[in-house]
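This report concerns only the one structure given below.
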Amino acid sequence: MPFEKHIPVLFKETVDALSVKAGGRYVDGTLGRAGHTREILVRGGSVLGIDRDDQALREVEALRCGGDEAWGRLTLAKGNHGDLAAIARENGWESVDGILLDLGVSSPQLDEAGRGFSFLREGPLDMRMDRSRALTAADLVNGETAERLEEIFRDWGEEPNARRIARAIVRANEDWRTKNGEGGRRRFETTLDLADFVEQLIGRRGGHHPATRVFQALRMEVNDEMGELERALEGGLGLLKPGGRFAVITFESLTDRVVKRFFAAHVGKMVSLQQGGERWEGTLPRLRPVTKKAVTAGEEEMALNARSRSAKLRVVEKGGLA
4 MPFEKHIPVL
14 FKETVDALSV
24 KAGGRYVDGT
34 LGRAGHTREI
44 LVRGGSVLGI
54 DRDDQALREV
64 EALRCGGDEA
74 WGRLTLAKGN
84 HGDLAAIARE
94 NGWESVDGIL
104 LDLGVSSPQL
114 DEAGRGFSFL
124 REGPLDMRMD
134 RSRALTAADL
144 VNGETAERLE
154 EIFRDWGEEP
164 NARRIARAIV
174 RANEDWRTKN
184 GEGGRRRFET
194 TLDLADFVEQ
204 LIGRRGGHHP
214 ATRVFQALRM
224 EVNDEMGELE
234 RALEGGLGLL
244 KPGGRFAVIT
254 FESLTDRVVK
264 RFFAAHVGKM
274 VSLQQGGERW
284 EGTLPRLRPV
294 TKKAVTAGEE
304 EMALNARSRS
314 AKLRVVEKGG
324 LA
């Protein structure tokens with residue numbers, strides 16, 4: 004089967020945990036370059052692949068046109084994973100056997116300087132996964148108040164220097180406009196404009212670039228990543244069949260905590276009763292943990308793919324007595 008040689012993180016662990024069966028229906032809510040989806044198709048499943056990135060969809064469509072009959076079981080849809088339940092039903096999928104979310108920015112998006120996700124490459128300060136949307140990271144950095152930027156850096160980046168960085172950015176913008184006027188180029192137009200500014204302000208300590216958390220926070224804000232994740236988790240549970248599985252790969256501690264707490268609330272716990280016996284307490288629908296704790300990459304995978312070092316996989320199964 005002539006698939007592209009793109010191997011995503013936790014590849015085998017994720018597809019194995021989904022327990023793919025021939026004839027089953029699966030939603031890949033963050034399709035990317037179809038890394039996980041290709042293996043689901045190989046194992047006989049049908050996939051509804053959703054992505055907000057037009058370029059990713061075009062590349063997968065090209066693969067599908069050049070592939071064999073298994074690609075005929077792939078349905079492509081442009082959209083956000085937060086709307087996966089509605090998109091599935093629009094395509095006639097009222098219930099599914101499994102759902103996969105591989106969150107965060109994809110490797111191809113990071114590698115393409117023009118997308119503006121990486122502080123290591125010169126490019127426009129963009130960060131839109133869906134380039135039809137208007138708001139860019141440059142709009143935020145050049146237009147928001149210090150208070151709003153501090154909130155973004157603190158809440159989505161967990162940046163300890165959020166206030167200092169936010170205030171410095173706003174002062175730099177004001178100085179730039181005083182010197183250059185309101186028209187023309189803005190102070191922060193490229194990725195390196197911002198990355199170099201933060202590095203000079205904070206200084207470099209350890210192996211991480213000092214702009215890492217700032218870039219994460221802006222990316223999450225531009226793409227409403229936390230809102231999309233919460234909607235995807237809620238909508239996905241309603242779409243899953245009893246016995247269906249939900250797999251989520253995260254790359255930041257912030258998103259991992261959201262997934263962990265959401266799943267834990269539905270897994271619930273058994274509580275002892277005063278009169279004897281016990282009762283389950285939790286949020287319906289009830290889930291069963293497939294992975295007792297987060298699955299992480301092994302040494303071999305981390306050596307081949309540095310991005311896998313921060314990846315965490317959590318999988319649950321729908322079912323159990325209420």
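Position 267, counted from 1, in the sequence shown is what our numbering calls 270; the numbers after and before it change by one each time, with no gaps.
We put the beta carbon where it would ideally sit given N, CA and C, even for glycine.
A quick note: this is a predicted structure, and the numbers were derived from the prediction, not measured.
Check: Cβ contact check for the stretch 75-94 and the stretch 46-55: 3 or more pairs under 8 Å; Outcome: yes
Check: Distance, Q219 Cα to H211 Cα; Outcome: 13 Å
Check: Pairwise C-alpha distance: L123 and L152; Outcome: 22 Å
Check: C68 versus W74 - alpha carbon distance; Outcome: 8 Å
Check: Bridge partner(s) assigned by DSSP for W1; Outcome: In the structure displayed, the chain extends from 4 to 325; residue 1 sits before or after that span and is not available.
Check: Counterpart residues of L103 in DSSP-defined beta bridges; Outcome: D31 and A250
Check: Identity of the residue in P292, R190 and E16 nearest V319 by Cα; Outcome: P292
Check: Run of the beta strand (DSSP E) containing A80, from where it starts to where it stops; Outcome: L77 to K81
Check: First and last residue of the uninterrupted beta strand (DSSP E) at V201; Outcome: That residue, V201, is in no beta strand (DSSP E); its alpha helix (DSSP H) goes T194 to I205.
Check: Three or more C-beta pairs below 8 Å linking the stretch 268-282 and the stretch 132-139; Outcome: no
Check: Residue nearest to A198 in terms of C-alpha spacing, selected from R216, W283 and K263; Outcome: R216
Check: V261, DSSP secondary structure in three states; Outcome: helix
Check: Counterpart residues of D54 in DSSP-defined beta bridges; Outcome: K81
Check: Beta-bridge partners of E42, as assigned by DSSP; Outcome: Paired residues: none, contrary to the question.
Check: Exposure of E185, with buried meaning 16 or more beta-carbon neighbours within 10 Å; Outcome: exposed
Check: Distance CB(F191)-CB(L128) smaller than 8 Å; Outcome: yes
Check: Beta-bridge pairing of K3 - partner residues as DSSP gives them; Outcome: No statement about residue 3 is possible, as the shown extent of the chain runs from 4 to 325 and does not include it.
Check: Distance between beta carbons of K321 and L290, contact taken as under 8 Å; Outcome: 6 Å
Check: Backbone secondary structure at E231 - three-state DSSP; Outcome: helix
Check: Cβ-based neighbour list, L282, same chain, cut-off 8 Å, excluding 5 preceding and 5 following; Outcome: The sequence given here places Arg at residue 282; Leu does not occur at that position. Excluding positions up to five away in sequence, the list reads M273, V274 and L276.
Check: Residues sharing a beta bridge with V298, DSSP; Outcome: L316
Check: Three-state class that DSSP yields for K24 in the structure shown; Outcome: coil
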